[in-house]
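Novice:
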Amino acid sequence: MMPILIESPCKYSLNIYQMGMQKEADHLAEAILHEMEYFQSFVLEESKKGYQAFYEEMRLSNLKNHQCWIKKHWSKHQHIFAYPNELQPARIEPYLELVQNQHQSNIFRLARLTWNLPYSSGYGRRLRYLVWDRSNQKLMGILGLQSPPLRLPNRDSAYRIPYEQKIDLVNQTMDAYTLGALPPYTDLLAGKLLVLAAASQDVRRDYEQKYNGRLTTMRKATIDSSLIAITTLSAYGRSSLYNRVSQGFEDGKNIWATTSLGPCEGWGTSHFSNELYQEIKKFYKLLYPQKSVSGFGTGPKVRLQIIAAILHDLGLPKDFMRHDIPREVFIIPHISNLEKVLAGCGDAPIYNDQSFEALAQFWKERYAFPRSQLRCSLQGNSTLFRDVAM
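Start counting the sequence shown at 6; every next residue gets the next number (the numbering used here).
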């Protein structure tokens, strides 16, 4: 991100003066400048610790916004989050549960709020999962899938996706917007179990069952209900979670569940706090009352468009949307001939049909058991919401 050097007073768009919104513009411009300076104070050194510290601040703010909801539901669901002494590696028996009701949805949301990345409920087509340990009925982790981004340069260039077929081909993929384990299972590399869950035939079949024959909201067209791959981004820089996740062996060699597509560009809006975005959106609605910002089509793309429009109206640099947080792009193939299918060659998908049960057993032998001999977690139930006054 470029240094913050803005002349005062700002030169606003003609529309702001026509609507008589100079005072509101002054206030919002000051709020944006303050938050961008605050963000830069954490990340000037471009270190992973700096990015983590910034998002930790955002997490605390997020917890404050959800505090009443957390208090209400923590008392109901606290028992499903394990203490370290409740974890017995030799007895772990993972199973995958599709979120289909409000009870499951509340558990998913509660688990997600323990993380320091900005909270998102996903957008478009969605599948959400809870991964449990059957041996003690404790929650191991969560997985959330959503509609894929239409534009993802790393994916588009790596697989040479033809422009004229792009929508149809990309719509056969999903994007993992939430994926991770909960303590104390994190110390047994349960995050890699969640990656394997995303690669399982169970997820593919759930997707096919849910979206077979469905019409898209915007194009009013039936999309192919095949799931051929899942894309995702690392949180910060090179990812230990997604790198070298084995799902078995073939001819004595690892079959990797993920492929790195390299670092992404570092543009986006994740460094704009939700509080600031709500101010920007309110200003946008007053400035452009004829334009809708609710309902379908208000995911990350619309958030980005709204922020970009208001930055332009306020005379602020477009570079404010450049966070320069290095994030690595990964793809989790569900078929062995992904390159040919995404290249539009007309080949029928050849599916990697591995059940979650089989992948979970492999994870125990490859990751959990060896790790349990080396690590003993001190994190768990009592440390998840220590920043919220219960």
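C-beta atoms are modelled at their ideal positions from N, C-alpha and C, and glycine is treated no differently.
Taking 7 Å as the limit between beta carbons, can you name the residues of its chain near E98, skipping five residues before and five after?
Specialist: D138, R139 and S140
Novice: To the nearest angstrom, report how far apart K323 and H317 are at their CA atoms.
Specialist: Taking the straight line from one Cα to the other gives about 7 Å.
Novice: In chain order, what residues of the same chain have a beta carbon less than 8 Å from the beta carbon of Y289, not counting five sequence neighbours either side?
Specialist: Excluding positions up to five away in sequence, the list reads K296, V298, I311, A314 and I315.
Novice: Tell me which residues share the same chain as I233 and place their Cβ nearer than 7 Å to its Cβ, disregarding the 5 neighbours each side in the sequence.
Specialist: Q177, T178, H339, I340, L343, V346 and P354
Novice: DSSP beta-bridge partners for R133?
Specialist: In the DSSP output, where bridge partners are listed per residue, R133 has G149.
Novice: Measuring CA to CA, which of F113, N357, L321 and Y182 is closest to L38?
Specialist: Check the Cα spacing between L38 and each of F113, N357, L321 and Y182: the tightest is with L321.
Novice: Which runs of the beta strand (DSSP E), 3 residues or longer, sit entirely within the segment 90-132?
Specialist: 99-103
Novice: Cβ of A58 versus every heavy atom of the ligand SAM: is any distance shorter than 7 Å?
Specialist: Ligands in the displayed structure: none, and consequently the ligand SAM is not present.
Novice: With DSSP as the reference, label L266 as helix, strand or coil.
Specialist: In the structure shown, L266 sits in a strand (DSSP, three-state: E or B).
Novice: Would you tell me roughly how many angstroms separate the C-alpha atoms of R64 and S126, rounded to the nearest one?
Specialist: Whole-angstrom Cα-Cα distance: 15 Å.
Novice: Counting pairs of beta carbons, one from the segment 161-176 and one from the segment 185-202, are three or more of them closer than 8 Å?
Specialist: no
Novice: Bridge partners of N259, per DSSP?
Specialist: F254
Novice: Which partner residues of Q42 appear in the DSSP bridge assignment?
Specialist: The identity of residue 42 in the sequence shown is Glu, whereas the question assumes Gln. Looking at the DSSP assignment, E42 forms no beta bridge with any residue, so it has no partner.
Novice: Quick one: is P8 buried, meaning 16 or more other Cβ sit within 10 Å of its Cβ, or exposed?
Specialist: With a pLDDT of 49 at P8, under the threshold of 50, the predicted position of this residue should be treated as unreliable, and no value is reported.
Novice: Count Cβ pairs between the segment 97-112 and the segment 358-377 that sit closer than 8 Å; are there 3 or more?
Specialist: Put simply, the segment 97-112 touches the segment 358-377. At least three CB pairs are less than 8 Å apart.
Novice: State the Cα-Cα distance for the pair R156 and G253, rounded to the nearest angstrom.
Specialist: Answer to the nearest angstrom: the Cα atoms are 32 Å apart.
Novice: In angstroms with no decimal places, state the Cα-to-Cα distance between K287 and Q109.
Specialist: 32 Å
Novice: So for G185, helix, strand or coil by DSSP?
Specialist: strand
Novice: Under 8 Å Cβ to Cβ from S5, same chain only, skipping five residues before and after it: list those, please.
Specialist: No answer is possible for residue 5: it lies beyond the span of the chain, which begins at 6 and ends at 395.
Novice: Who are the near neighbours of G302 in its chain, counting only those whose CB is closer than 6 Å to its CB and skipping five residues on each side?
Specialist: Reliability fails at G302, whose pLDDT of 46 lies under 50, so the model's placement of it is uncertain and the value that follows must be treated cautiously. Answer for G302: no residue qualifies.
Novice: Helix, strand or coil, according to DSSP, for D161 in the structure here?
Specialist: helix
Novice: Assuming the contact rule is C-beta atoms closer than 8 Å, L144 and A181 should be a hit. Round their C-beta distance to whole Å, please.
Specialist: Actually they are not in contact, since the Cβ atoms of L144 and A181 sit about 18 Å apart, beyond 8 Å.
Novice: Alpha carbon to alpha carbon, how far is M24 from S18?
Specialist: 10 Å
Novice: Going straight from the alpha carbon of L246 to that of C73, what length do you get?
Specialist: 32 Å
Novice: Measure from the alpha carbon of R308 to the alpha carbon of each residue in N279, R131 and K369, then state which is nearest.
Specialist: N279
Novice: Sort out for me which residues DSSP pairs V334 with in a bridge.
Specialist: L238 and G267
Novice: Assuming L122 contacts A195 under a Cβ cut-off of 8 Å, what Cβ separation, rounded to an integer in Å, is found between them?
Specialist: The pair is not a contact, with the Cβ atoms about 17 Å apart (cut-off 8 Å).
Novice: Taking the alpha-carbon of L198 as reference, which of I235, A186, A116 and S152 has the nearest alpha-carbon?
Specialist: A186
Novice: For G300, which of helix, strand or coil comes out of DSSP?
Specialist: Any reading at G300 is ruled out, since the residue's pLDDT is 49, under 50, leaving its predicted position unreliable.
Novice: Can you tell me which of L92, D256, R209 and A163 puts its alpha carbon nearest to the alpha carbon of R133?
Specialist: R209
Novice: Pop quiz: Y128 and S152 are said to be a contact at Cβ under 8 Å. What is the actual Cβ separation, rounded to whole angstroms?
Specialist: The distance from the Cβ of Y128 to that of S152 is about 6 Å, consistent with a contact at the 8 Å cut-off.
Novice: Please report the distance separating the alpha-carbon of P94 from that of S66.
Specialist: 35 Å
Novice: Hey, could you find the ends of the alpha helix (DSSP H) I21 is sitting in?
Specialist: L19 to Q23
Novice: Let's test the definition: count the other Cβ atoms within 10 Å of the Cβ of L33 and tell me whether it reaches 16, buried, or not, exposed.
Specialist: buried
Novice: If you count every other CB in all the chains shown that lies within 10 Å of the CB of L118, and 16 or more means buried, which is it?
Specialist: buried
Novice: Which residues in the same chain as K69 place their Cβ atom closer than 8 Å to its Cβ, once the five residues preceding and following it in sequence are excluded?
Specialist: none
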